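Numbering (this note's numbering), first residue to last: 7 to 417.
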């Protein structure tokens, strides 16, 4: 349990926001496709005569006034004071056996929070306090400005690079929202129990007794599995909008141990470095990994990227800049001999095919497509080599086509 006297009570909520959330958020807001989607949404909302979110909520759920739910409104008051939120808020409940809560994009100056009936009945007051704070965190950090749902539903041509960036950002946005909830709750045990219930669906302690250390052991087992098997995060993990619950608890435990919560805690830079490490379980970075698989992927990427860039009229400045955004400067790509790398490419393809999983090989090819598109149009020789690399890695050539359908520029 925490020492109340050790809590940093003058906490600035902007400092609590996860650094990776902020960085990805700002980058995505400048992305051409995001700007286009936001403009389209604004135009549609302006011209749409149909009732909005509030009308829909009034028709499909129950508005919880202060008189109807004094405890929930007390939690709301506590959270809005802690997070310094002063916009009008309305609470709604709807019938559902699933534990769920949501914060909708503000409409006409109002913000709406909605809770499933099972969540309101199955969570303790302390656990609900975290949930309320979490949902308000999405509002506080303006996560609704990134229209991830709209893009997933309406833009089937969105580039694989953008989609992966959106899902990565969404997971870090959840970390920020969790921190907002933690600021309201100030109790790691209650926060962890709330996430345990969300993950397991179990609320009856006669059957299962929650144990924080045992729950966190799941993260350690995931790390051990990835290191021993060299699989890395499975492809389906890349497309999840929320981190796994044990990872969220681990990230929150780190937050509670930082000087953002207690004066004697670790600094924010150390906190964010540790959070990136555990989030890497869902988004492996083969450029920094130390397993046989990540080494094989890294060696393959370097040989393939330089060969692709060089095959048509030599390596251009744009291609060099793009490669350097992937690779640490210590590799000194400009000093590497393209002809020698071309010679070792078959061996590196064979090594990657043997060491790396199918999804890891897909990750490398996706990144190579970004290199190929540094200069447009893509030369025939570059496309032929990309396709050959994919084939040698036992990937369908259609995967290359998919990656190249829309610009996959790094943002």
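Backbone N, C-alpha and C fix where the C-beta goes; we use that ideal spot for every residue, glycine too. Computed from a predicted model, the values in this text were never measured in an experiment.
So, are the CB atoms of residue i and residue j less than 8 Å apart?
i, j, result
"residue 374", "residue 311", "yes"
"residue 399", "residue 313", "no"
"residue 99", "residue 144", "no"
"residue 342", "residue 330", "no"
"residue 324", "residue 358", "no"
"residue 274", "residue 194", "no"
"residue 401", "residue 368", "yes"
"residue 152", "residue 175", "yes"
"residue 277", "residue 309", "no"
"residue 282", "residue 26", "yes"
"residue 405", "residue 371", "yes"
"residue 97", "residue 117", "no"
"residue 93", "residue 58", "no"
"residue 299", "residue 354", "no"
"residue 136", "residue 196", "yes"
"residue 177", "residue 81", "no"
"residue 410", "residue 384", "yes"
"residue 79", "residue 69", "no"
For residue i, does the count of other Cβ atoms within 10 angstroms reach 16, so buried, or fall short, so exposed?
i, result
"residue 256", "buried"
"residue 155", "exposed"
"residue 101", "exposed"
"residue 76", "exposed"
"residue 104", "exposed"
"residue 241", "Because the pLDDT at residue 241 is just 42, under 50, the model does not fix this residue reliably, and the point stays unresolved."
"residue 244", "Here residue 244 scores only 40 on pLDDT, less than 50, and its place in the model is too uncertain to base an answer on."
"residue 376", "buried"
"residue 208", "exposed"
"residue 321", "buried"
"residue 295", "buried"
"residue 213", "exposed"
"residue 74", "exposed"
"residue 211", "exposed"
"residue 88", "buried"
"residue 305", "buried"
"residue 239", "Since pLDDT at residue 239 reaches only 48, below the 50 mark, its modelled position is unreliable, and the value read off the structure follows with that caveat. It counts as buried."
"residue 345", "exposed"
"residue 39", "buried"
"residue 122", "buried"
"residue 235", "Residue confidence is low: residue 235 scores 44 on pLDDT, short of 50, so the model does not pin down where it sits. Its coordinate-derived value is still stated next. By the neighbour-count rule (16 or more Cβ atoms within 10 Å), residue 235 is not buried but exposed."
"residue 328", "buried"
"residue 130", "exposed"
"residue 403", "exposed"
"residue 297", "buried"
"residue 16", "Below a pLDDT of 50, predicted positions are generally treated as unreliable, and residue 16, at 40, falls in that range; the measurement from the model is reported next regardless. Flag for residue 16 reads exposed."
"residue 414", "Bear in mind that the predicted position of residue 414 carries a pLDDT of just 34, short of 50, making it unreliable; the figure below should be weighed with that in mind. Its Cβ being crowded by 16 or more others within 10 Å, residue 414 is buried."
Based on the DSSP secondary-structure assignment, which residues constitute the bridge partners of residue i?
i, result
"residue 425", "Only positions 7 to 417 of the chain appear in this structure, which leaves residue 425 out of reach."
"residue 354", "Answer by DSSP bridge pairing: none, since residue 354 is not bridged."
"residue 264", "272"
"residue 68", "99"
"residue 113", "116"
"residue 22", "Answer is none; residue 22 lacks a bridge partner."
"residue 108", "120"
Assuming residue i and residue j form a contact by the criterion Cβ under 8 Å, report the distance between their Cβ atoms to the nearest whole angstrom.
i, j, result
"residue 3", "residue 181", "This structure gives no information on residue 3, because the portion of the chain shown stretches from 7 to 417."
"residue 107", "residue 125", "6 Å"
"residue 221", "residue 191", "Rounded, the Cβ-Cβ distance is 17 Å, inconsistent with contact."
"residue 200", "residue 133", "4 Å"
"residue 266", "residue 21", "6 Å"
"residue 37", "residue 168", "7 Å"
"residue 146", "residue 19", "6 Å"
"residue 44", "residue 113", "The pair is not a contact, with the Cβ atoms about 16 Å apart (cut-off 8 Å)."
"residue 224", "residue 252", "4 Å"
"residue 387", "residue 318", "5 Å"
"residue 366", "residue 292", "7 Å"
If we cut at 8 Å on Cβ distances, does residue i have a partner in chain D?
i, result
"residue 371", "The question asks about chain D, but that chain is absent: this structure has only one protein chain."
> Is it a yes or a no for the segment 129-145 touching the segment 180-187, going by three-plus beta-carbon pairs under 8 Å?
Replying inline: Yes, the segment 129-145 is in contact with the segment 180-187.
> Quick one: any contact between the segment 61-78 and the segment 30-48, if contact means 3 or more CB pairs under 8 Å?
Replying inline: No, they do not touch.
>> Between the segment 46-60 and the segment 189-208, can you find at least three pairs of beta-carbon atoms closer than 8 Å?
In response: No, because fewer than three Cβ pairs between the segment 189-208 and the segment 46-60 fall closer than 8 Å, the two stretches do not touch.
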